[in-house]
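Q: Under the numbering used here, the first residue of the sequence shown carries the number 453, and numbering increases by one thereafter.
Here a beta-carbon is modelled for each residue, glycine too, at the ideal position from N, C-alpha and C.
Because the structure is a prediction, the values reported are computed rather than measured.
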Amino acid sequence: MLRVARVLIWPALLAAALFLYPIPYLIFGPGAAVDLNQAIVVPGRTPPPGRFYLTDVDLLPGRPAYYLVAKILPGFEIIRRRDLVPPSMSDRDLDRVLVDAMKESQTNAQIVAERAAGLHVVATSSFVIVRAVPRSPGARCFRTGDKIRRIDGRAINDQGMLAAVTTARPAGTTFTLSVVRDGQQHTVRCTTFRYKGKARFGVTGAFTTETTSLPVAVQFKLRNINGSSAGLMFALQIYRTLTGHDIAAGRDIAGTGVLAPDGGVSAIEGAREKVHAAIRAHATVFFVPRQNYADIKGTPGIDIVPVSSFSQALRALAFAQRGVSLRR
453 MLRVARVLIW
463 PALLAAALFL
473 YPIPYLIFGP
483 GAAVDLNQAI
493 VVPGRTPPPG
503 RFYLTDVDLL
513 PGRPAYYLVA
523 KILPGFEIIR
533 RRDLVPPSMS
543 DRDLDRVLVD
553 AMKESQTNAQ
563 IVAERAAGLH
573 VVATSSFVIV
583 RAVPRSPGAR
593 CFRTGDKIRR
603 IDGRAINDQG
613 MLAAVTTARP
623 AGTTFTLSVV
633 RDGQQHTVRC
643 TTFRYKGKAR
653 FGVTGAFTTE
663 TTSLPVAVQF
673 KLRNINGSSA
683 GLMFALQIYR
693 TLTGHDIAAG
703 RDIAGTGVLA
713 PDGGVSAIEG
723 AREKVHAAIR
733 AHATVFFVPR
743 QNYADIKGTP
753 GIDIVPVSSF
763 SQALRALAFA
773 QRGVSLRR
């Protein structure tokens, strides 16, 4: 009996090592294309002809088994974990962040699409303080839960804007910020310091957009898809359904892109996996953020169209309706 137990314990230990031992990588696996005619419901409206697809990737945790699979099989990509998430973030925390990002992408898509359709939308974006580095300027200037709305008069309109504005100036620069604290508007002056080689306040937080007037209550029917990269395709689907305009010009359209409330499109991860998901769905056009275009330029079997905004995507589709090729 003891010998049998010894024989069985080694496979169990090997399986535990392969599937439970964390390694500093994330694995992108082949994703899928989701038909948004089925996933998005605009009350009282039916989508015009054509199909629009969001594309996703399977995000696998850093484990030896998944790493080996990615090394052996085509269609997988191995990414250093530190390039995507902070070292202190657990897999559970990452899942929570991705769920919140999906909700944010849905809100932003509704704002952009409904405004483009001529509806009156009232929305406000903020950078919400989560924590501050002890003894940093941010720890003196801000409190947990503060909502930074503007910096030096410029509205906060995406996740990276606060960092981009502060790091563009030398450490020691003082900025004026509009902050909502406990429901009250405040003006805060805060000076940056040098932190990890860059000028920063020393705070971390989350970008969020709150709507106070959203005319159409769009419904999303998605399972097991998270992250922010579907925003552009959500907005295009909502817009064409709201307006009834056949912007697809008889084509099946796929794409990806993080969408800001002002309509800007920013970079995503997993472009290679996503374009192949679009090809498998028989889409003929793939919208990609301009920052990711070099990763998939020249992919055969599909027209790759780089865009920097929702309005650029609409213009590209309008050109196609006039018979102008979308191939770049």
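(1) Flag this pair as yes or no: are the beta carbons of L688 and I699 separated by less than 9 Å?
(2) Buried or exposed for H734, please, with buried defined as at least 16 other CB atoms from any protein chain shown within 10 angstroms of its CB.
(3) Sort E725, G612 and D535 by Cα distance to A706 and report the nearest one.
(4) Span of the beta strand (DSSP E) holding R641?
(5) For the alpha helix (DSSP H) that contains E556, what are its first and last residues?
(6) Hey, out of V551, V494 and Y477, whose CA is closest to P539's CA?
(7) Excluding the 5 residues flanking V580 on each side, which residues of the same chain have their C-beta closer than 6 Å to its C-beta?
(8) With the cut-off set at 9 Å, would you say N560 and L711 are in Cβ contact?
(9) Can you tell which of I603, H697 and A765 has its C-alpha closest to the C-alpha of V740?
(10) Please classify Y519: does DSSP put it in a helix, a strand, or coil?
(11) Are the beta-carbon atoms of P482 and A729 separated by less than 9 Å?
(12) Let me confirm a value: T596 is counted as buried when at least 16 other C-beta atoms fall within 10 Å, else exposed. Which label applies?
(13) For V564, is the classification buried or exposed, using 16 other Cβ atoms within 10 angstroms of its Cβ as the cut-off for buried?
(14) Name the two residues that bound the continuous alpha helix (DSSP H) containing G590.
(15) Leaving out five residues before and five after R583 in sequence, what residues of the same chain have Cβ atoms less than 6 Å from its Cβ?
(16) Suppose only complete runs of 4+ residues qualify. What are the alpha helix (DSSP H) ranges in the region 639-703, listed by chain order?
(17) Our contact map puts T751 next to E662 with C-beta atoms below 8 Å; I'd like the distance itself, whole angstroms only.
(18) Taking 8 Å as the line, does the beta carbon of V668 fall inside it for any heavy atom of the ligand COA?
(19) Is it buried or exposed, A485, if we count other Cβ atoms within 10 angstroms and call 16 or more buried?
(20) Assuming S680 contacts A553 (C-beta within less than 8 Å), just tell me the rounded distance between them.
(21) When the Cα of A615 is compared with those of F653, P516 and D747, which residue comes out closest?
(22) First and last residue of the alpha helix (DSSP H) that includes R732?
(23) Name the residue from F594, P499, A522 and D487 whose alpha carbon lies nearest to the alpha carbon of Y691.
(24) Could you tell me how far apart the beta carbons of D755 and R503 are, in whole angstroms, since I believe they sit closer than 8 Å?
(25) Beta-carbon within less than 7 Å of D543's beta-carbon, same chain only, minus the 5 sequence neighbours each way: which residues are those?
(26) For H572, which option in G635, V668 and V509 has the closest C-alpha, if you only look at C-alpha atoms?
(27) Enumerate in chain order the residues of its own chain whose CB-to-CB distance from R780 is below 7 Å, with the five nearest sequence positions on each side excluded.
A: Here's the rundown:
(1) Cβ distance < 9 Å, so L688 and I699 count as in contact.
(2) Counting Cβ neighbours within 10 Å, H734 comes out exposed, since fewer than 16 surround it.
(3) Selected option, being the one with the closest Cα: E725.
(4) In the DSSP assignment, R641 falls within the unbroken beta strand (DSSP E) covering Q636 to T643.
(5) Residues D543 to A568.
(6) The shortest C-alpha separation from P539 is found at Y477.
(7) Within the same chain, V580 has close Cβ partners K599, G657, A658 and T660.
(8) The answer is yes: Cβ separation under 9 Å.
(9) Minimum Cα distance to V740 is reached at A765.
(10) Helix at Y519.
(11) Taking 9 Å as the cut-off, the beta carbon of P482 is found closer than this to the beta carbon of A729.
(12) When all chains shown are included, T596 counts as exposed.
(13) Its Cβ being crowded by 16 or more others within 10 Å, V564 is buried.
(14) Per DSSP, G590 belongs to the alpha helix (DSSP H) from P589 to C593.
(15) Cβ within range, chain order: T656.
(16) Runs found: 683-695.
(17) Here T751 is actually not in contact with E662; their C-beta atoms are around 38 Å apart, not less than 8 Å.
(18) Although the ligand COA was asked about, the structure shown includes no ligands whatsoever.
(19) Buried.
(20) Sure, about 4 Å apart at Cβ, within 8 Å.
(21) The residue with the shortest Cα to Cα distance from A615 is F653.
(22) Its alpha helix (DSSP H) spans residues A723 to R732.
(23) The option with the nearest alpha carbon to Y691 is P499.
(24) That belief does not hold up - the Cβ atoms of D755 and R503 are roughly 15 Å apart, past 8 Å.
(25) Contacts found: P513.
(26) Closest in C-alpha terms to H572, from the list G635, V668 and V509, comes V668.
(27) Confidence at R780 is low in this model, with a pLDDT of 49, below 50, so the placement of that residue should be treated as unreliable; the coordinate-derived value is given next. These residues qualify, in order along the chain: I756, V757 and P758.
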